[in-house]
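Protein sequence lines, in the order shown, are assigned to chains A and B. When the letters of the first sequence are read in order and numbered with this note's numbering, they come out as residues 13 to 344. When the letters of the second sequence are read in order and numbered with this note's numbering, they come out as residues 13 to 344. Cβ coordinates follow ideal geometry from the N, Cα and C atoms, glycine included. Here the structure is a predicted model, which means the values were calculated and not measured. Worksheet for the structure shown next.
Number of protein chains: 2
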Amino acid sequence: MMKLVEQALTGDRRALARLITLVENNGAEAHEALSTLYPHTGRAHIVGVTGAPGTGKSTLVNELAKAYRAQGATVGIVAVDPTSPFSGGALLGDRVRMRDLFGDPGVFIRSMASRGSLGGLARATADVVQVLDAVGYDVILVETVGAGQSEVEIARTAHTTLVVEAPGLGDEVQALKAGVLEIADILVVNKADREGAIHTVRALQMMLDLGQPQVTMHHGQAMEVAGLVGLADDGWKPPICQTVATSGQGVPELMDCIADHRAYLRESGEWERRERLRAAAQLENLLRERLIAHLLDQIGQERLNEIIARVVRREVDPHSAVEALLRQVDSP
Amino acid sequence: MMKLVEQALTGDRRALARLITLVENNGAEAHEALSTLYPHTGRAHIVGVTGAPGTGKSTLVNELAKAYRAQGATVGIVAVDPTSPFSGGALLGDRVRMRDLFGDPGVFIRSMASRGSLGGLARATADVVQVLDAVGYDVILVETVGAGQSEVEIARTAHTTLVVEAPGLGDEVQALKAGVLEIADILVVNKADREGAIHTVRALQMMLDLGQPQVTMHHGQAMEVAGLVGLADDGWKPPICQTVATSGQGVPELMDCIADHRAYLRESGEWERRERLRAAAQLENLLRERLIAHLLDQIGQERLNEIIARVVRREVDPHSAVEALLRQVDSP
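And the structure:
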């Protein structure tokens, strides 16, 4: 395994692919590998790209990858599709990508399928991003389907988060309802050549002008304990970029916006704060998974089945059942 | 508080609303109330309604509520919108609903806003559903934005899950990518009067004919430990219903499908299995939240900040940091 790490660090793609699989599977060897790789991390610009299905996110991610390549930067792509446990979605996306980017040694693409649980997916995504960071990819694009809170969580651990909208996806209220605006560093209206694009831009602009919404959302408990919440950055006003990903229109301007945001992060100290947020989120997620696994292991199948049966028979309510279980178990 | 419970059980709507707020806020009184109410639960038919933004879910839920009322059944509606921490989305949805259902004492509507964390939202949703079940609502419609894994988790704890699609939301691949098919008991193609509806129906039919996908998705660890995974029901083939929610077209047929599914659940023993799944998911979620809260409390702000700083400085990797933290803390 340590040989695999060495090979991956020297640019061996096959070793990298095997290493990522190892890391995804999350064993003792994976932790050792990540521990060795970790000091090499911290150099990549991690860019989250999120948006509802049908906004053209994947095409946009491809165009961004090509544009970064043209600038000489290497690009890692992590496509997270937590709602697709059967391979269809992810594989198809890969095949489309392949056509444009296949054979370019400066691009590495990985699709993340379901990892059995939500925490598992967030864990695996963070770990894979760290591997790509460690082996030297300059930009890492993390693509998520952004209509769910979990995907938002994954996206917001990036340095820069793009929220992609498109005209004509239901009425405008839906754009607001999708409600990922407050995590956007850059708003992208893709398919900007379509009818209604200007309405989408205006609706978003109006939202932004109404003032930044109170940032009250979905902070992890660890972030709250660590006092990382409430320090939202006021120095950056999310720009709205219009693109037509299928033709590449607007992509250079979007690249400029991303570069501007990176410069802002570096100058304002926000980069450092986001690194802390990311570490806090990752620690909390790992702790959660470990604690529940340890506890369920202690409880055991028989006792768990018994308590589930009692809850189903309405002999005990779930909250009281949890109290009783917690009183019975040992320290992790 | 016990008076509130009593009043709610006798049908006092104002007491019910206050009780639900109490339960949402999750204190010691909330647990006592839930414990008292719990023996009264288990009678409602819990129907999850999920689908991407723009499919017309909310309108469909209203039509279903009206149809149930016409049959004499009482209806609770829980609208979960985890991506909208600022109130806009949920409130607007409520106002639209109000127009049709306001003043009907047989309907109770509650929108669930963000509860600070993902686990918090799932916890609050489960608790509110239990309150509505306990006070006697016959049918509880739980509406979620179904493009994310967390929302899917919430929906799948229902007895019957409707997955709503609509024509023209990006290409057909998106429908597959949305990938919530495997949790669907009933597929609904809403906006069936629109161009392309027949293509959406055919694409879904094709997916179903390709055979049920392997049910490998997103099981909680508790479900796995309890051996509840892998017992998927083979006796039910999800029907595809076409509706035009805005005109009510197709809603009677959809009601028949839901009634058929309920009868199937009762006859096949699947109802009991779903109750066990639901209890397992709820226990696991509560345990997770309690464990992490206890742990973070023990660690304390200072030590947590310190370890986060060390991770950010690359002095320790996240997995090793978690190991170290777990070695230092006491039993819950």
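- Setting aside the 5 residues that flank it on each side, E44/A is surrounded in the same chain by M13, each with a C-beta closer than 7 Å to its C-beta; the list follows chain order.
- Counted as a single uninterrupted DSSP element, the alpha helix (DSSP H) harbouring V35/B occupies residues 25–37.
- By the Cβ neighbour-count rule, P117/B is exposed, with fewer than 16 other Cβ atoms within 10 Å of its own.
- Between P250/A and L220/A, the beta carbon gap of about 6 Å places them in contact (Cβ cut-off 8 Å).
- Distances from the alpha-carbon of L72/A to those of R315/A, V175/A, N317/A, G239/A put V175/A closest.
- Residues of chain B whose Cβ lies closer than 7 Å to the Cβ of H331/A are, in chain order, H43, L46, S47, L298.
- Rounded to whole angstroms, the separation of the alpha carbons of I152/B and V140/B is 10 Å.
- For the options W283/B, N297/B, L299/B, the alpha carbon positioned closest to that of R325/A is the one of W283/B.
- Beta bridge pairing from DSSP links A271/B with no other residue.
- Contact between the segment 193–206 of chain B and the segment 246–265 of chain B is established, with three or more Cβ pairs separated by less than 8 Å.
- For Q254/B, the uninterrupted beta strand (DSSP E) segment begins and ends at 252–254.
- Excluding the 5 residues flanking it on each side, V213/A has same chain C-beta neighbours closer than 7 Å at V201, I252, Q254, in chain order.
- In its chain, beyond the 5 residues on either side, A27 have a beta carbon closer than 7 Å to the beta carbon of Q19/A.
- Counting only residues of its own chain and dropping the five nearest sequence neighbours on each side, T53/A has a CB closer than 7 Å to the CB of Q142, D145, A146.
- E296/A has its alpha-carbon roughly 12 Å from the corresponding atom of I311/B.
- Linking L21/A to A29/A through their CA atoms gives a straight-line distance of about 12 Å.
- Interface flag for Y149/B against chain A is unset, since no Cβ pair is found closer than 8 Å.
- Taking a contact to require three or more Cβ pairs closer than 8 Å, the segment 263–270 of chain A and the segment 73–88 of chain A qualify as touching.
- For the set Q313/B, G115/B, A42/B, the Cα lying nearest the Cα of R81/B is the one of G115/B.
- Cα atoms of R25/B and V35/A: separation of roughly 52 Å, rounded to the nearest angstrom.
- Under DSSP, G66/A takes part in no beta bridge, so it has no partner.
- Within the model, the alpha-carbon separation for R315/A versus G60/B is close to 29 Å.
- Per the DSSP secondary-structure output, H57/A pairs in a beta bridge with V151/A.
- In terms of Cβ geometry, L277/A and H171/A form a close pair [threshold 8 Å].
- Around the Cβ of K203/B, a 10 Å sphere holds 16 or more other Cβ atoms; the residue is buried.
- Flagged as an interface residue toward chain A: L307/B, by a C-beta distance shorter than 8 Å.
- With contacts defined by Cβ atoms closer than 8 Å, L298/A and P330/B form a contacting pair.
- Non-local C-beta neighbours of Y50/B in its own chain, meaning closer than 8 Å and more than five positions away in sequence, comprise Q142, A146, ordered along the chain.
- The C-beta of P51/A comes closer than 8 Å to at least one C-beta of chain B.
- One Cα belongs to L31/A, the other to N38/A, and the distance between them is close to 11 Å.
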